[in-house]
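Chemist: Residue numbering for the sequence shown follows my numbering, starting at 3 and increasing by one per position. What follows is a single structure, and I will ask about it in a moment.
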Amino acid sequence: MTQTPSSQRLHIGFYGRCNSGKSSLINALTGQQVALVSNVAGTTTDPVNKPMELPDLGAVTLVDTPGLDDNTALGAERMRATRRVMDRTDIAVVLFTDSDDWSVELAVMEELRRREVAVVTVVAGCDQVEDTESIAARVEQTTKIIPVCTSALTGQGLEELRRRLAACRVEEPRLLTEGFCEAGDTVLLVMPQDKQAPKGRLIQPQVQTLRELLDRGCRAMCCTTEDMASALGALAEPPRLIITDSQVFDTVWKMKPEESRLTSFSVLMARYKGDIGEFVEGAKMIGALTEKSRVLIAEACTHAPQNEDIGRVKLPQMLRRKVGEDLTIDVVGGADFPDDLSSYDLIIHCGACMFNRRHVMSRVARAKAAEVPITNYGVAIAALTGILNKIEF
Ligand SMILES: Nc1nc2c(ncn2[C@@H]2O[C@H](COP(=O)(O)OP(=O)(O)O)[C@@H](O)[C@H]2O)c(=O)[nH]1
Ligand SMILES: [Mg+2]
């Protein structure tokens, strides 16, 4: 894995009308022909993601969206796609062009404001308009944000736009293992390798944890569950921390030295990506489910054999065994997440290794707004197997 995964990048979404120059601006920023540019309205039909490095922001993903004023038959579907991009946008670039009617631009800014997304405004295509300054003044007056005047053709304003994006950096990069260990500590990772997992690879939470431990100056040792006793025997002292998979948690808990702290990869991911407090609270709902209840299981990936196995087979089995065969369980994948959550009694989300933090938090916020408890796979499995009180958060 040579590139920062999309889930660990800040997502910068570009919004504006058809032909406002979104795709051209992304191409100009990246210096590449990433997004298809044309003067035919509606050329960008699906959101396009472009990874790049930006000064001060590091690894980011630029997201090109379909035009906001797309009135074609597919337009409504595209607007839904654009809204879904808003759910994962950390910073938004809203493009303004010379026009008397900025109603759609202002509407999108209002939607972004509700999501507490940082916005940079842009007056695009400045090489081709007469009076850039008066347009910029109007944008500032209307939006209360001073716009950057850009041209994809001449490169005007691109440096300024990069600076303005960098200034939007709000949160410090988070750590998975914050508070669990320090430089110099030995950490044991007990990682059963699922037979279905692709050969020659480790799953993303394990890769990310290992890399972070090395960066933090910890010594990391890996073993399978069968080898845990001999791994402990090879160490002069018990490890400060043991991290393992939820599915073998109980076995590892029974074998662990008393001094070692114990947590799971899914708890680390839930802390990093979501709201662990909310998830633990949500998991308490499992005990109150009845056969009349309705549960939504939401997966981030559409094709991940391992997750599908947990989300579509293991979790439903465990839930039905506990609650009863008639429990209603809906499973959705990828970008599909129902607009109306009110009919559900509980939402169980996957670990979301494919989603960025904002995307997970926007789903947590939607669940809260609909007053539906939300938890995730790892925490739900911990609750179902009775080990929730043994895991450290
Ligand atoms: N002169 C000039 N033309 C531009 C600029 N940006 C975009 N265009 C042109 O405007 C048209 C629409 O651009 P595009 O990037 O596809 O717009 P989008 O629909 O918002 O993605 C294309 O013909 C571009 O070549 C610019 O900064 N200056
Ligand atoms: Mg486009």
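Where is the CB? At the ideal position from N, CA and C, for every residue including glycine.
1) Cβ-heavy atom distance between Asp71 and ligand 2 below 7 Å?
2) Quick one, which of Thr123, Cys220, Leu348, Val209 has its alpha-carbon nearest Glu162's?
3) At a threshold of 7 Å, does Asp133 count as lining ligand 1 (C-beta to nearest heavy atom)?
4) Any idea which residues DSSP pairs Asp332 with across the strands?
5) Are there 16 or more other CB atoms within 10 angstroms of the CB of Arg115, so buried, or fewer, so exposed?
6) Counting only runs that start and end within the segment 363-393, where is the beta strand (DSSP E) found for 3 or more residues in a row?
7) Quick check: does the Cβ of Leu64 come within less than 7 Å of any heavy atom belonging to ligand 1?
8) Go through its chain and collect everything with a Cβ distance to Asp328's Cβ below 7 Å, but skip five positions before and after it.
9) Would the beta-carbon of Val208 fall within 8 Å of that of Met193?
10) Spatial neighbours of Leu167 within its chain, please: CB distance less than 7 Å, with the 5 preceding and 5 following residues excluded, ordered by chain position.
11) Let me know if Leu27 comes out buried or exposed under the rule of 16 or more other beta-carbons within 10 Å of its beta-carbon.
12) Taking only three categories from DSSP, how would you classify Thr4?
13) Verify whether the separation of the beta carbon atoms of Cys352 and Ala272 is less than 8 Å.
14) Please work out which residues of its chain come closer than 7 Å, Cβ to Cβ, to Val141, disregarding the five sequence neighbours upstream and downstream, and give them in chain order.
15) Could you pull out every residue in the same chain whose Cβ sits closer than 7 Å to the Cβ of Gly127, ignoring the five residues on either side in sequence?
16) Nearest to Ala372 by CA position, among Asp342, Arg19, Tyr379, Ala139, is which residue?
17) Spell out a yes or no on whether the segment 322-337 and the segment 240-260 are touching, meaning 3 or more CB-CB pairs, one atom from each, closer than 8 Å.
Modeler: Looking at the coordinates:
1) Taking non-hydrogen atoms of ligand 2 into account, the C-beta of Asp71 is found less than 7 Å away from none of them.
2) The shortest C-alpha separation from Glu162 is found at Thr123.
3) No, the beta carbon of Asp133 sits no closer than 7 Å to any heavy atom of ligand 1.
4) Asp332 pairs with Leu298.
5) By the neighbour-count criterion, in which a residue is buried when 16 or more other Cβ atoms sit within 10 angstroms of its Cβ, Arg115 is exposed.
6) You should have 376-378.
7) For ligand 1, not one heavy atom lies less than 7 Å from the Cβ of Leu64.
8) Counting only Cβ-Cβ distances below 7 Å, and skipping sequence neighbours, we find Glu293.
9) Here residue 208 is Gln; the residue named in the question, Val, does not match the sequence. Going by C-beta atoms, Gln208 is nearer than 8 Å to Met193.
10) Here the set comprises Ile14, Leu56, Leu59, Ile93, Val122.
11) It is buried - the Cβ of Leu27 has at least 16 other Cβ atoms within 10 Å.
12) Confidence at Thr4 is low in this model, with a pLDDT of 49, below 50, so the placement of that residue is unreliable and no value is reported for it.
13) No; because the gap between Cβ atoms is not below 8 Å, this pair is not in contact.
14) Correct list, in chain order: Phe98, Thr123, Val125, Pro149.
15) Taking Gly127 as the centre and dropping the five residues before and after it, the same chain places the C-beta of Gly23, Thr99, Ser153 closer than 7 Å to its C-beta, in chain order.
16) For Ala372, the nearest C-alpha among the options comes from Asp342.
17) No: the two stretches stay apart, fewer than three of their Cβ pairs being nearer than 8 Å.
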